[in-house]
Structures are given as structure tokens and as C-alpha cells.
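Numbering (this note's numbering), first residue to last: 277 to 638. The beta carbon of each residue, even a glycine, is placed where N, CA and C say it ideally should be. Worksheet: one structure, shown below.
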């Protein structure tokens, strides 16, 4: 582990768990820390820890930290207000939705305002999806193009929305059917709400909230890389929901989806790199988990948030890009085959065929 990584993990642990930070940094080391944090979309988290703990970082870097804190807070304030308005509007129409990750994950942080805001993802089941789409189209005054993928996109008041007909794409059909069924059943029988901007926002129950956070992170790792920000999301959700979480149910889902090994590996990162209390994690870990966890940790630090640390050779969406993407998925699926064997056996042929059809079908 490099000194920059050690410093980054120290500030993350301090902010995530609200523990004192004792760190001595030269201005150059502080700048390297903030630069690395930016690559992983956690610069504001790092800045909050440095400011709150009065860590000397040099006069030139203080404005950078204060700007990051203000900019991120303002972005979250705007997004939270729009999300609260939107969710309330949809429910007033007698329709159902479930907001996932993003601002929901932010509510699990000690200081939600330090998590980088993005877009708003929400799920509607088969009954509500066309009805919500129709209502939104009337509001924005245009037709939202249908998509062959898992979601459609629209914008409102400066916020990007992703409206999901399914939350994630599995590559083994029985896994897709299982996940879709448990999500719909849970939202009917035991929905959960989190408070955002003073409004109770519907979301997934604890077991599925944590499960989806992990699945989303893991598939991003395979398809293009993932940074420490999403690992922080998983850590904070496990800690915040520890008293409400049905651990037996979560383990049941992970076993049914063939994802126990990978979840345990990331558990090692959560506990031994980010400092999650071991009692918050639903498994007792072994040396095999540690070896897998170190492998995953190295990949996380190598890629950065959504792979931003990797300078892809081909950026234009052409045949070369399709081939390069497919080869990247193949490499990752081999490297992490033992994390989710069935999904990793299926992802390369399925995704390659999808990419080829999409490209040559234009």
C-alpha cells in the first residue's frame, strides 16, 4: 500500500465513523491525498475530515477544501429538494416508485452533504412503469424514447433521472428472475422509507438496499472499474441499517445469486481498509476472504471511480471500442471468476453479443 493510499484511508475512516484524525502532512502530501480522493469521487469526504480535525495542509489547499465542501453541499441541497418534490408528486398521483442508491445512500453517511451528488435512480414495477412514464411525459411536455435497456432517461429542473423497469441486468436468466421477484414482493409487503429534505422517500428494505448496492458496485467493477466511493456506500449502508437488517435474508439472497464469495471479499475491504466494525458485517471472514479481498482492493484502487484512472486507448464508440470493451470484461471476469462463478461464466458471451448487435444494428 502506498503512502497516498494510507493517508486516503485514514481520512475516510475518520469521516465515515466520526473518529479523531491524527495525520501529519506536508503540503505536497496533502495535495496528493486530495488528488487521489478526487479520482475516487471522495474529495469532499477527505476535505471534511481534514477541516474538522484541523489538519495543517498549507494555505494554498484550504480554499480547495472549502470550495469542495460548499460546491458539494449546494449540489446535494438542489438534488434533495428536486427529489423530494418529484417523489411526492408521483405518489400524489396514486403511483408507486422506489428510489435507489444516490441520495438514498447519502442518508446513511454521518454527514450526507459530503457525498458527491449525481443523478436520481428510481424503480417502478411492471404495473406502475407505463403509468409513471405517461405522467412524467405530460409534465415535461415531450415523449421519453423507449429503451431496450433497463432504464429510460429524462431531465427536469437540472436533475438527471433514470427510471428503471429493472434495477440491474444479470447474465444468468434464473438470477434475473429471482432478483426481479424478490424486489417486487418486498416493495409490496415491506417497503422502507428514508427522510430526504424533510420528506419520506420510498426505497428498498434493508436487505435489498444492501444487496443492490453491492451488486451495482460489483458489476461496475467487472464492466469498467469502480472506485472507493461505492465501497464507502456499502460500508455506510451496512452500519446505518445494522439494527434493521435481516442478515439471514441477505445471506439467502446472496446464496441464491451465487455472490457470497464476492460479498465476503468486499467485507474484508470494509473491515480491514475502511474500518467498518466487524459486528456490522453478516459473515465471519477467513483467510481465503482476505486473499480475495486484497485482490479486489487492488483493482478498486487501480481503476478509480467508474474507471476514471484508466486512460482507454479507444474512446469513440466504434468497432475497436466494442472489441476493447469486450476484452476488458473478459479479463475482469476471469480475474474475479470466483467472486460470482455463474455470472462470470455468462457475462462475456452475453455482453459481447449485446454490444455487437447494438453496434452493427445501427
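Boundaries of the beta strand (DSSP E) around residue 478: 475 to 479. Taken through DSSP and simplified to helix, strand or coil, residue 431 comes out as strand. When secondary structure is reduced to three states using DSSP, residue 578 falls in the helix class. Note on geometry: alpha-carbon atoms of residue 495 and residue 308 lie some 29 angstroms from one another.
Proximity of the region 495 to 512 to the region 401 to 410 falls short of the contact definition, fewer than three beta-carbon pairs being nearer than 8 angstroms.
Straight through space, the alpha carbons of residue 508 and residue 356 are spaced by roughly 20 angstroms. Counting along the chain, the unbroken beta strand (DSSP E) around residue 398 starts and ends at 396 to 399. Under the three-state reduction of DSSP output, residue 472 falls in the strand class. Across the set 369, 353, 320 and 352, the C-alpha of 320 shows the shortest separation from the C-alpha of residue 339. In the three-state reduction of the DSSP assignment, residue 316 falls in the coil class, being assigned neither a helical nor a strand state. With a threshold of 16 other beta carbon atoms within 10 Å, residue 375 meets it and is buried. The residue among 437, 303, 515 and 429 with its C-alpha nearest the C-alpha of residue 383 is 515. Under the DSSP definition of a beta bridge, residue 438 partners with 397 and 429. Put simply, of 391, 424, 301 and 358 the residue whose alpha carbon is nearest the alpha carbon of residue 329 is 301. Less than 7 angstroms divides the Cβ of residue 325 from the Cβ of residue 297. Residue 358 sits away from residue 395, with the two beta carbons spaced by 7 angstroms or more. By the neighbour-count criterion, in which a residue is buried when 16 or more other Cβ atoms sit within 10 angstroms of its Cβ, residue 546 is buried.
Residue burial is scored here from C-beta neighbours: residue 311 has fewer than 16 other C-beta atoms within 10 angstroms and is therefore classed as exposed. In the DSSP assignment, residue 459 falls outside any beta strand (DSSP E) and within the unbroken alpha helix (DSSP H) covering 449 to 465. DSSP, read as helix, strand or coil, puts residue 408 in helix.
In the DSSP secondary-structure assignment, residue 374 is bridged to 399. Residue 453 counts as exposed, since fewer than 16 other C-beta atoms from the protein chains shown sit within 10 angstroms of its C-beta.
The three-state reading of DSSP puts residue 421 in coil, since its state is none of H, G, I, E or B. Setting aside the 5 residues that flank it on each side, residue 363 is surrounded in the same chain by 477, each with a C-beta closer than 6 angstroms to its C-beta; the list follows chain order.
Annotation: the continuous alpha helix (DSSP H) that includes residue 493 extends over 482 to 499.
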